[in-house]
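Asks: Got a structure for you, questions after.
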C-alpha cells in the first residue's frame with residue numbers, strides 16, 4: 259500500500275512538472291504587447307474624434323417636439339428616467355440606471371449641482387434659450 263502511494267505521488271508530481279515545460283513549438287504563438295497608456299478626456303474634443311457616443315438635440319428639434327421644459331425633451335431619449343419632487347420643485351435624474359449623483363449636467367460648461375449632487379433642477383432652464391443638448 260505504501261509503495262502504491264509513493265508511486266502515485268511520484269507520477270502526479272512529474273505530471274505537474276511536465277505541464278510547466280515550454281517547448282520551442284509553443285513559442286511561435288506568444289506575442290509581446292506594446293505599452294498601453296490610458297488617459298482621461300479633460301480637454302475639448304470634436305464629436306467625430308470622441309470615443310464616446312454623443313447624441314445631439316438641436317433647437318429646431320426641440321421646437322418640433324412641442325416640449326415646454328427640458329425634462330419633456332429628455333423623456334423622449336433612450337435611457338432617461340425622471341422622478342419629480344413637487345415639494346421642492348426638483349427632478350431626480352437617472353441615466354441608464356445611474357442616479358443623479360453619477361450624472362453630470364452642465365449649463366454652458368458649469369455644473370448644475372443641487373442638494374448634494376443627487377437632484378438637478380432642470381426646470382430652472384428656459385427651453386427657449388437652449389441652442390443644443392448633448393448627451394454623452
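Numbering (our numbering), first residue to last: 259 to 394.
Heads up, the beta-carbon is just placed ideally off N, CA and C, and yes, glycines get one too.
(1) Please name the residue or residues paired with residue 316 in a DSSP beta bridge.
(2) Going by the DSSP bridge assignment, what does residue 323 pair with across the sheet?
(3) To which residues of the same chain is residue 375 closer than 6 Å at the C-beta, ignoring the five residues directly before and after it?
(4) Could you give the distance in angstroms between the alpha-carbon of residue 354 and the alpha-carbon of residue 337?
(5) Going residue by residue through the segment 339-369, where are the continuous beta strand (DSSP E) segments of at least 3 residues, counting only ones entirely within it?
(6) CB residue 392 to CB residue 314, shorter than 7 Å?
(7) Would residue 312 and residue 380 be called neighbours here (beta carbons separated by less than 7 Å)?
(8) Hey, does residue 349 have any beta-carbon neighbour from chain C nearer than 7 Å?
Replies: In brief:
(1) Beta-bridge pairing links residue 316 to 390.
(2) Paired residues: none, contrary to the question.
(3) Because the pLDDT at residue 375 is just 48, under 50, the model does not fix this residue reliably, and the point stays unresolved.
(4) Take the alpha-carbon of residue 354 and the one of residue 337: they are about 5 Å apart.
(5) As far as the segment 339-369 is concerned, its whole beta strand (DSSP E) runs of at least 3 residues are 348-353.
(6) Yes. Within cutoff.
(7) Cβ atoms of residue 312 and residue 380: not closer than 7 Å.
(8) Looking at the structure shown, chain C is missing, and only one protein chain is on hand.
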